[in-house]
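First the structure, in the form of structure tokens, and then the observations on it.
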Amino acid sequence: MSISNLVRYYSLTSRLTCITSSSLLPVESIYYDTRRYAGHAHWQNIAKTKAANDQIKSRVIGKLSSKIVTAIRQNGNVSDPQYNTVLRATLEECRKNNMSKETIDRAIKRAIAQKDNMKQVIFEFIGPGRALCLIEVMTDNPKRAFNYLNKNAAKIGIPEIAKSGQIAEYFDQRGYACIEKSNINEEKAIELAIEINAEEVIQAIDDDGEREVWKFLGPPTFYGQMKINLTQHGYTVTSDGSEFIPKVTVPLNERDKILLKQIINMFEDLEQVEGVHTNGV
């Protein structure tokens, strides 16, 4: 292959600039930069992945901090895990997620310092496909939280967030603790529910959206004790907490499911929001 053809070939295949206004550059002068581009793209991918992971970790830590505050506020403002089973279970979850002792201590101090003002407030809205939605917020200023939520709702086209009213009547608030469904059959799950003082046990999908689990249900603040009871019986609890369970569900098409998921994610990323619940399925 002649030099001119060789240069033309590499120009077409490797994005090389090797023609001046008057003549061809010698082959030995060609700067072959494919690896440079590949390396740059690889670095960008690493940076994006790290940023995404950091964002997820930050979200988890933020939710756990709020969970600590709630565990103290809803259980007599008791900050000693020895006498607060919900807080004890929450702190165990924090350690499993590598939450630092300093961050845990800050959350506990915040709960104690704000114990006279902080309270849980429920807001509601109607989402895509007429799905009913509730937003749990822990705040010392409900009016400010209300305005903050509406400001963010307007950005994504939700007409208005309302204070808790009729929509909340379509949900039951329950505490829950889950174990993998493959561990035991239905008969054993019912026996176990009685042994751990749960009110009910149902088949469900875990919080990660993947695993099938037995979900044990009880009063809203009883999930910590259920987790301890299950652990004492030799089972690993995959998730636990308090949630609003819809009395009636609303089927959604694929488009509305995607839109609703995006809306829920947006609200869950907001400060002081502890959870978003919907009857859309």
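For the sequence shown, the residue numbers in the working numbering are 178 to 458. Where is the CB? At the ideal position from N, CA and C, for every residue including glycine.
Query                                                                                                                                                                                     : Result
What residue from G239, T413, I299 has the CA that sits closest to V314's CA?                                                                                                             : I299
For H454, list the residues DSSP reports as bridge partners.                                                                                                                              : L311
Unbroken alpha helix (DSSP H) runs of length 4 or more, entirely within the stretch 364 to 429: which are they?                                                                           : 400 to 409
Whose CA, out of S242, T262, N294, F302, lies closest to the CA of T408?                                                                                                                  : T262
Considering Cα atoms alone, identify which of P305, K296, E270, L264 is closest to I285.                                                                                                  : L264
Just how far apart, CA to CA, sit F421 and K340?                                                                                                                                          : 16 Å
Consult DSSP for Q297 and reduce its assignment to one of helix, strand or coil.                                                                                                          : strand
Please report how far the alpha carbon of E337 lies from the alpha carbon of N294, in whole angstroms.                                                                                    : 26 Å
Which full runs of the alpha helix (DSSP H) of 4+ residues lie inside the stretch 300 to 360, going along the chain?                                                                      : 319 to 332
Identify, in the order they occur along the chain, each residue of the same chain with its Cβ nearer than 6 Å to the Cβ of D383, setting aside the five sequence neighbours on each side. : C355, V390, T415, S416
Between D317 and I361, what straight-line distance do the alpha-carbon atoms span, to the nearest angstrom?                                                                               : 43 Å
Could you tell me the distance, in whole angstroms, from the CA atom of I441 to the CA atom of K392?                                                                                      : 22 Å
Please list, in chain order, all residues of the same chain as D210 whose beta carbon is under 7 Å from its beta carbon, the five residues on each side excluded.                         : For D210, the pLDDT reaches just 44, beneath the cut-off of 50, and the residue's location in the model is therefore unreliable, although a value from the coordinates is still provided. Once the five neighbours on either side are set aside, D210 has no close Cβ partner at all.
Using a Cβ-Cβ cutoff of less than 7 Å, which residues in the same chain neighbour S198 once the five nearest sequence positions on both sides are dropped?                                : The pLDDT assigned to S198 is 38, lower than 50, so where the model puts this residue is not dependable; a value taken from the coordinates is nonetheless given after this. Excluding sequence neighbours, S198 sits near nothing in its chain.
Round the Cβ separation of A345 and T455 to the nearest angstrom and send it over; I've been treating them as touching at under 8 Å.                                                      : Not quite, the Cβ-Cβ distance comes to about 13 Å (not below 8 Å), so this is no contact.
Just curious, the alpha helix (DSSP H) that M443 is in, first and last residue?                                                                                                           : 431 to 445
Ordered along the chain, which non-local residues of its own chain (more than five positions away) have a Cβ less than 6 Å from that of Q297?                                             : M315
Excluding the 5 residues flanking N329 on each side, which residues of the same chain have their C-beta closer than 8 Å to its C-beta?                                                    : M443, F444, L447
Output the boundary residues of the alpha helix (DSSP H) element that contains D282.                                                                                                      : 278 to 290
The alpha helix (DSSP H) with V263 in it runs from where to where?                                                                                                                        : 262 to 273
Is S256 helix, strand or coil by DSSP?                                                                                                                                                    : coil
Can you name, in chain order, every residue of its own chain whose Cβ lies under 8 Å from the Cβ of I245, other than the five neighbours on each side?                                    : L264, T267, L268, C271, I281, A284, I285, A288
With a threshold of 16 other CB atoms inside 10 Å of the CB of T247, please say whether the residue is buried or exposed.                                                                 : buried
Under the rule that 16 or more other beta-carbon atoms within 10 Å means buried, what is L189, buried or exposed?                                                                         : Below a pLDDT of 50, predicted positions are generally treated as unreliable, and L189, at 41, falls in that range; the measurement from the model is reported next regardless. With fewer than 16 other Cβ atoms within 10 Å, it is exposed.
From Y347 to E301, what does the alpha carbon distance come to, in whole angstroms?                                                                                                       : 11 Å
Could you tell me the distance, in whole angstroms, from the CA atom of F323 to the CA atom of E363?                                                                                      : 43 Å
Quick one: using the 10 Å Cβ neighbour count with 16 as the cut-off for buried, is K278 buried or exposed?                                                                                : exposed
Is it buried or exposed, A375, if we count other Cβ atoms within 10 angstroms and call 16 or more buried?                                                                                 : buried
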